[in-house]
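Student:
Residue numbers (this note's numbering): 2 to 274.
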């Protein structure tokens, strides 16, 4: 499962608070009883105690207090939080349709607090100071296009400019190079010299020609050898002589048969060896 981002966690908290504070912070659930409250303002524990006393079916003990205290930690929402507390402290509490305790008549204060918390706790990505070596957006994400073409330090393709890809170097770093370089066997002149399309350094690669006589090696694409005249390299990387099927015979017009000749006059190993 993909880990939840900071903004995801804060959004979850905000939604919880909006529910739990649906008038003095929703706890969990209730069964249908109601009780009146007294006092003005009040701390989270004393306000939430009235809801917990109802023992609603879906209430979780202590959750209302915890979420109320969490909202207290957002200074920009102090006015909305104090209005919510004041309403909840004097409101009638009951178990709502969802089985959670709530303070009746405080919907407007709860909604205002929920909106404030959502705005305050939503992380706004900022890429103004992002660099190729530090591409973070301060919200757990990655800034795009922060690496110049040919610059080293990228970790993902998104760090490169459009049309470029982050190709791994032998030292573990990455360099932004043209995207099609990712699908080529990188050997000179594609790489290995100043101004080369796919970088001044070619990637370190060890050919694997074990049990191969010819053709490209599967690791680097370099040749494992060539075959002698009259032989060809098969798909298994072995030099073999072609097997010759009997020629196709056609009528020669005089009552006999003749073989079909190659039209291009190219070398025919079955005929010219």
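Glycine is no exception: its CB is placed at the ideal position from the N, C-alpha and C atoms.
Quick check: the Cα distance between residue 82 and residue 114, rounded to an integer number of angstroms?
Tutor: Each residue's Cα considered, the two are about 6 angstroms apart.
Student: Could you tell me whether the Cβ atoms of residue 183 and residue 166 are closer together than 7 angstroms?
Tutor: yes
Student: Who are the near neighbours of residue 210 in its chain, counting only those whose CB is closer than 6 angstroms to its CB and skipping five residues on each side?
Tutor: 218 and 225
Student: Could you check the C-alpha separation between residue 1 and residue 216 for me, to the nearest Å?
Tutor: Outside the shown range of the chain, which is 2 to 274, sits residue 1, and nothing can be said about it.
Student: Which word fits residue 179, buried or exposed, when buried means at least 16 other C-beta atoms lie within 10 angstroms of its C-beta?
Tutor: buried
Student: Spatial neighbours of residue 139 within its chain, please: CB distance less than 6 angstroms, with the 5 preceding and 5 following residues excluded, ordered by chain position.
Tutor: For residue 139, where only same-chain residues beyond five positions count, the Cβ hits under 6 angstroms are 127.
Student: Are residue 175 and residue 155 closer than 7 angstroms when you measure CB to CB?
Tutor: Contact flag set, yes.
Student: What is the residue span of the alpha helix (DSSP H) that residue 52 lies within?
Tutor: 45-53
Student: Starting from the Cα of residue 222, find the closest Cα among 68, 240, 187 and 85 and give me that residue.
Tutor: If we check each option's Cα against that of residue 222, 187 comes out closest.
Student: Please check the pair residue 239 and residue 214, which I expect to be a contact at CB under 8 angstroms, by giving their CB distance rounded to whole angstroms.
Tutor: 5 angstroms
Student: Going by the CB atoms, is the gap between residue 105 and residue 90 shorter than 7 angstroms?
Tutor: no
Student: Quick check: the Cα distance between residue 66 and residue 141, rounded to an integer number of angstroms?
Tutor: 29 angstroms
Student: Which same chain residues, not among the five before or five after residue 203, have their C-beta less than 7 angstroms away from its C-beta?
Tutor: Here the set comprises 187, 188, 189, 192 and 193.
Student: What does DSSP give as the partner residues of residue 194 in its beta bridges?
Tutor: DSSP output for residue 194 lists no bridge partner at all.
Student: Just how far apart, CA to CA, sit residue 111 and residue 125?
Tutor: 24 angstroms
Student: Note down, in chain order, each residue of its chain lying with its Cβ closer than 7 angstroms to the Cβ of residue 98, except the 5 sequence neighbours on either side.
Tutor: none
Student: Within the continuous alpha helix (DSSP H) that includes residue 125, where are the two ends?
Tutor: No alpha helix (DSSP H) contains residue 125, which DSSP labels as neither H nor E.
Student: How far does the alpha helix (DSSP H) with residue 69 in it reach, from first residue to last?
Tutor: 64-73
Student: Out of curiosity, what's the CA-to-CA distance linking residue 163 and residue 121?
Tutor: 34 angstroms
Student: Can you tell me the Cβ-Cβ gap for residue 86 and residue 48, rounded? I've got them flagged as a contact below 8 angstroms.
Tutor: 6 angstroms
Student: Between which two residues does the alpha helix (DSSP H) carrying residue 85 extend?
Tutor: 79-91
Student: Would residue 88 and residue 57 be called neighbours here (beta carbons separated by less than 7 angstroms)?
Tutor: no
Student: Exposed or buried, what is residue 258 when buried is set at 16 or more other beta-carbons lying within 10 Å of its beta-carbon?
Tutor: exposed
Student: Pull up the CB-CB distance for residue 151 and residue 117, whole angstroms please, since I reckon it's below 8 angstroms.
Tutor: About 47 angstroms; that fails the 8 angstroms criterion.
Student: Pull the bridge partners of residue 248 from the DSSP assignment, please.
Tutor: Residue 248 is not bridged to any residue.
Student: By DSSP, does residue 160 sit in helix, in strand, or in coil?
Tutor: helix
Student: As a quick exercise: from 101, 74, 254 and 79, pick the residue whose alpha carbon is nearest that of residue 51.
Tutor: 101
Student: Is residue 136 closer than 7 angstroms to residue 160 when the C-beta atoms are compared?
Tutor: yes
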